[in-house]
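Take the sequence shown: its letter number 139 is residue 143 in our numbering, and every next letter is one higher.
All residues carry an ideal CB built from backbone N, CA and C; glycine is no exception.
The structure appears below as structure tokens.
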Amino acid sequence: MIEDSFRAGRPPWEEAGATLTDDVHAYERTKIRILNAGHRVLANAGELLSLPTIAACMQDPDLSGFFRKVESEEIVAHVAPVPGRTPAACLDLIARRFGNAAIHDTTRRVAFDGSSRHPGFVLPVLRERLAAGRSVQGLALTEALWTRMCAGTREDDSAIGPNDPHWPSLSEAALAARQDPAVWLAQARIYGGLARAPAFSDWLRRLWAEGTRATLTAYLGQAAAA
Numbered sequence: 005m006i007e008d009s010f011r012a013g014r015p016p017w018e019e020a021g022a023t024l025t026d027d028v029h030a031y032e033r034t035k036i037r038i039l040n041a042g043h044r045v046l047a048n049a050g051e052l053l054s055l056p057t058i059a060a061c062m063q064d065p066d067l068s069g070f071f072r073k074v075e076s077e078e079i080v081a082h083v084a085p086v087p088g089r090t091p092a093a094c095l096d097l098i099a100r101r102f103g104n105a106a107i108h109d110t111t112r113r114v115a116f117d118g119s120s121r122h123p124g125f126v127l128p129v130l131r132e133r134l135a136a137g138r139s140v141q142g143l144a145l146t147e148a149l150w151t152r153m154c155a156g157t158r159e160d161d162s163a164i165g166p167n168d169p170h171w172p173s174l175s176e177a178a179l180a181a182r183q184d185p186a187v188w189l190a191q192a193r194i195y196g197g198l199a200r201a202p203a204f205s206d207w208l209r210r211l212w213a214e215g216t217r218a219t220l221t222a223y224l225g226q227a228a229a230a
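Structure (structure tokens):
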């Protein structure tokens, strides 16, 4: 993606497959909301299920279904079309990229630094949906999965090593949130005014009580988000 703004002309980069545009901001917003937020949707659940790569996550029916449902029902509606491609087409393109086994993008790398990436990529969409009175079930589950991952153990009881510059405080909050989910949302530097979210609390309790896969199955069985 290249902004088409050159005072002295340019080579024909589009002939080599580059996309030239007068508005890079629209493309950047699409990338942040579909690709970057999509990474958040997949990576924490993938860590909990011991899936080593994003491609492996997409090959898992529960996780790929989770990705598609959250994206199509709660994220794509908040992305404007870009020239030549609808938001749904962008989602299809990203899904193919994520599922490409030749791209060895590790789940651990993608899950890194959630304390800056969730506020930057996921929470803006969540806030927009809450302001519009719309469902945030999938995004709330995405946040609950991050919380559960920060507790530091996978479903098979193996340890998850520190994976965030703020890991000690995140881990402490995640473990406390097992008993009181509000502790996690009280992290003001991450959530600001999102201190109350019943959907988040319900999903986090379910993750601890039933496990990641059963919780994903329950979410996938819900009717489409309004």
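- The alpha helix (DSSP H) runs lying completely inside the region 59-107 and spanning 4 residues or more are 65-74, 91-102, given in chain order.
- Per DSSP, reduced to three states, the secondary structure at residue 163 is strand.
- The continuous alpha helix (DSSP H) containing residue 141 extends over residues 141-154.
- Within a 10 Å sphere around the beta-carbon of residue 63 sit fewer than 16 other beta-carbons, which makes this residue exposed.
- Within 10 angstroms of the beta-carbon of residue 106 lie fewer than 16 other beta-carbons, which makes it exposed.
- Cβ-Cβ separation between residue 141 and residue 195: approximately 17 Å, too far for a contact (criterion under 8 Å).
- In terms of CA proximity to residue 65, 103 leads the group 171, 103, 206.
- If you look at residue 204, you'll find it in the alpha helix (DSSP H) that goes 202-214.
- Residues of the same chain with a CB within less than 8 Å of the CB of residue 71, apart from the 5 flanking positions on each side, are 42, 45, 46, 61, 62, 99, 102 in chain order.
- Annotation for residue 162: 54 place their beta carbon closer than 8 Å to its own, counting only its chain and skipping 5 residues before and after.
- Taking the C-beta atoms as reference points, residue 58 is found no nearer than 8 Å to residue 117.
- Residues 148, 151, 185 of the same chain have their beta carbon placed closer than 6 Å to that of residue 208, with the five preceding and five following residues left out of the count.
- DSSP lists 110 as the beta-bridge partner residues of residue 57.
- By DSSP's assignment, residue 157 forms a beta bridge with 163.
- Distance from the Cα of residue 213 is smallest, within the candidate group 92, 35, 183, for 183.
- For the options 38, 56, 122, the alpha carbon positioned closest to that of residue 81 is the one of 38.
- Per DSSP, residue 170 is not a residue of any alpha helix (DSSP H), being assigned neither H nor E.
- For the 8 Å CB-CB criterion, residue 167 and residue 112 form a contact.
- In this structure, the alpha-carbon of residue 126 lies about 14 Å from that of residue 139.
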